[in-house]
Structures are given as structure tokens and as C-alpha cells.
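Residue numbers (the numbering used here): 131 to 517.
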């Protein structure tokens, strides 16, 4: 029997957006993901450093003229003074702007959802985490892949001990979109990601290697104890890394190998995680996200399908449509926002929020630490460094 799932009524929360103007890929993803469950309405924004772009975007999105702002400082100040103030701000801007924007809104008493990486500086990431805690505000970092149903199912399987004690983790994220100097062609996404002044000390590890770290951490619950990395720039003239290999030692004694590359010709968005335990293994691929490959010692390989009757509770409640009807990137993003919005609504009512399931500011801090240590290791000649 095919059954639909009830969603919340529209307009329960109000949000504003920073970034996401003309030509933005990720800003549009955020808006569509938030709209999917109708739990929050876009009512304010500063969509670009170019005010004309902001006005044009605001008109398309039907944002009222008096809630269109020239910069984030004006937006935080004026929104916090309104009776119908936004419940949270959504930051979808280049990496170097995350810290000042998030800090401004936290100080204004407004909850935050921010693109990853949280910041380009470890001290700043720690400051935001401390500030959010002090202000008792919610702060989510949009590590997309934690929102996939089968990633959540794998997390629950591992937590209950299905594959035993974890021994080895293999994570890879292969892309080919920066195999040439795309940044010289006017491509906006390539231009800012390969610019150290906007993206920080790392391109490849910061952009996609951090997704490996977060996805593995979410699925396994393991913490990285130390790492050894080699970050390389293969495309001539590029200032930041476009390929990285990272050896990992976990707190439980397990070992890991992470490979992130944006020069892997023939690969689109190949995030893949393989986790090997003492009793079995689990494998998940982002480009085939509705299935989980599971194997046990002495038994046959099993392929679990999203939406099956055997789905574990936390995964089952995020599965939106019946098995065989593919879910993907937008739905994963939407799951993060639905969980965040649900927790925010509970918080506003004074209810318990201890069951929150979205990437937190602490997860964002761990991600920045991972990027920072990977750069440190590589610059020191690929030596082991502690996390």
C-alpha cells in the first residue's frame, strides 16, 4: 500500500537569507529545500553584495520592499527590532563571510543556519560555537549528506552494533569539474572556491573533503584522533588544493583513508563511504543514495532499499515517498531543515529538544578543525598531527 506523509502547514516560521542571488546554485537549493515541507516562509533578505542584484532577486521571490536590505549588518539590526522578526537566518554566502554574518545575527538574538564550512579560521569557529551556547540559540550547519535516509539507517545499524566494532573506514569524494582552469572562464562557483581570500586555506578539503569527515562522523560516531595528509594542486597556476589524500586514526583504534579530488576525470559527485567492522560492513554511495550495501561474515551481501518495511525508526520517519521512487539531494537538504524547524518550534514552546537531529555548530567546529589539521599536516611535509 502506498501512503503519503503529512507535512506541517505553511508559514509557521519566518526566515531571512544572506546570499542566494543571481547565479547562485546553493542558495536556490536552500530555498527549495525549506519550501518542501512548508514549515518556514522567506520574508527577508540581502541576496548579494550588489544591491541591484538583491532587489532583482527579492522581486522574483516576492520579498516585501521593507525587508530587503543592503547588507547583513542592517538586516540583523532591523530584523531584531521587528515584532515579526525572522526566526532564523540562512547564510548561503562564500566561506570568508560566514563568521561575521553569523556573529552579527547571534548577537542580535537570531537563530542561524549556515553553509559549510562554518568558518575559514578555527578560532572563529570556536567563538561562534561558544556564542551560540551563551545566547542559547540554535545553530545548524548544512552538511547535506547527513540528511539522506540511508545514511541515517546506517547510523542506527552501527549504533546498535550490527557490524560490530569498527576497524576500517574508506571515504572518497571524486569530482572532475575543476580538472581545467574553469575559474578563468567567468564561472562564479569556480572563481570564489579557488580564491584563498574567499574560501580560506583549502579548496578541495574545505569544499568536499569536509563532507567525508562529517558523513563518516555522523554514521559511525567516531572521532578522529590524528591524521596525516597530502594536499596537492595539479592544475597549473591554481593556488589551492584540487586533490587530497588523508590517512586517519580514530579514537577507538580504527583506521581510515579519505580521498577527495576535483580533478578525477569521469566522476560527477562521487561521495562513497565504506565502513568495515568486526562482524560486517556497510557501504553507501551518494550517486545511488536509496540503497545500502550490507554484508556479514559468512553471509550473503544484502542490498537494503530506502522505504522498505525493515527501515529503522529515525530513518523511516525521514523517508518521504515509497521505495523505488528515488529521493536525493533536495530531499536530504529538506530533511535537515525539517528537523531544524521542528526543534526550533519545540524550543519556542519550551519543550524538550534533546532529540535534535541536524548538523550542529559543534559539528561545524569539528569540520573546520579537520580542514585546519589537514592543511597543517600537508604543509609540514605530510606528518601526523593530532586533532
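Virtual Cβ for every residue (Gly too), placed ideally from N, Cα, C.
Cutoff 6 Å; reference residue i; Cβ partners in own chain excluding five residues on either side
i	result
residue 140	Note on residue 140: pLDDT 45, under 50, position unreliable in the model; no value is reported.
residue 274	462 and 463
residue 153	318
residue 384	296 and 297
residue 404	300 and 413
residue 179	none
residue 476	483
residue 487	469
DSSP three-state assignment for residue i, whether helix, strand or coil
i	result
residue 139	Only weak support exists for where residue 139 lies, its pLDDT of 44 falling under 50; the coordinates are left without a value.
residue 286	helix
residue 453	coil
residue 271	strand
residue 441	coil
residue 492	helix
residue 517	coil
residue 134	Only weak support exists for where residue 134 lies, its pLDDT of 41 falling under 50; the value from the coordinates is given anyway. Three-state DSSP puts residue 134 in coil, outside helix and strand.
residue 590	Nothing in the structure corresponds to residue 590, since the chain is present only between 131 and 517.
residue 474	helix
residue 347	helix
residue 508	helix
residue 498	helix
residue 373	strand
residue 221	strand
residue 354	strand
residue 462	helix
residue 394	coil
residue 385	strand
residue 436	coil
residue 468	helix
residue 149	strand
residue 379	strand
residue 368	coil
Check: residue i C-beta below 8 Å from any heavy atom of the ligand MG
i	result
residue 180	This structure does not include the ligand MG; it has no bound ligands of any sort.
Own chain residues within Cβ distance below 7 Å of residue i, not counting five before or after
i	result
residue 316	none
residue 458	419
residue 502	252
residue 323	329, 333 and 337
residue 433	421 and 423
residue 202	148, 176, 231 and 234
residue 255	248, 249, 494, 495 and 498
residue 284	349, 412, 414 and 422
residue 313	320, 321 and 324
residue 515	356, 357, 503, 506 and 507
CB-CB length for residue i against residue j, believed under 8 Å
i	j	result
residue 339	residue 278	Contact flag wrong, Cβ pair sits at about 18 Å.
residue 161	residue 143	Residue 161 to residue 143, Cβ: 14 Å. No contact.
residue 276	residue 517	Contact doesn't hold; Cβ gap of about 20 Å is too wide.
residue 281	residue 345	7 Å
residue 206	residue 174	Not a contact, Cβ separation roughly 10 Å.
residue 151	residue 187	5 Å
residue 352	residue 325	No, residue 352 and residue 325 are not in contact; Cβ-Cβ is about 33 Å, not under 8 Å.
residue 303	residue 240	With a Cβ gap of about 32 Å, residue 303 and residue 240 do not count as contacting.
residue 354	residue 155	Wrong, their Cβ atoms sit about 29 Å apart, outside the cutoff.
residue 400	residue 294	Incorrect: roughly 27 Å between the Cβ atoms, too far for contact.
Cutoff 8 Å; reference residue i; Cβ partners in own chain excluding five residues on either side
i	result
residue 236	242, 258, 261, 262, 265, 267 and 269
residue 327	226
residue 512	358, 359 and 360
residue 504	332, 335, 339, 357, 359, 361, 374 and 376
residue 460	159, 162, 163 and 166
residue 396	306
residue 440	434
| Which runs of the alpha helix (DSSP H) spanning at least 4 residues fall entirely within the segment 224–266, listed in chain order? | 228–237 and 252–265
| task | Jot down the residue ranges of each uninterrupted alpha helix (DSSP H) in the segment 184–215, minimum 4 residues, whole runs only, in chain order. | result | 202–210
| field | Segments of 4+ residues assigned as alpha helix (DSSP H) that fall wholly inside the segment 154–180 | value | 155–166
| message | So within the segment 399–433, which uninterrupted beta strand (DSSP E) runs reach at least 3 residues, ignoring any that extend past its ends? | response | 400–407, 410–415 and 421–426
| task | Evaluate contact between the segment 242–256 and the segment 206–225, counting only Cβ atoms and requiring at least three cross-stretch pairs below 8 Å. | result | yes
| query | Are there three or more Cβ pairs, one per stretch, closer than 8 Å when the segment 441–451 is compared with the segment 297–309? | reply | no
| Any contact of the segment 331–349 with the segment 366–383, i.e. 3+ C-beta pairs under 8 Å? | yes
| message | Restricting to runs no shorter than 4 residues, where is the alpha helix (DSSP H) found entirely within the segment 273–344? | response | 279–289, 318–323 and 326–329
| query | Does the segment 467–478 come close enough to the segment 288–302 that 3 or more CB-CB pairs lie under 8 Å? | reply | no
| query | Is the number of C-beta pairs between the segment 482–497 and the segment 181–197 that are closer than 8 Å three or more? | reply | no
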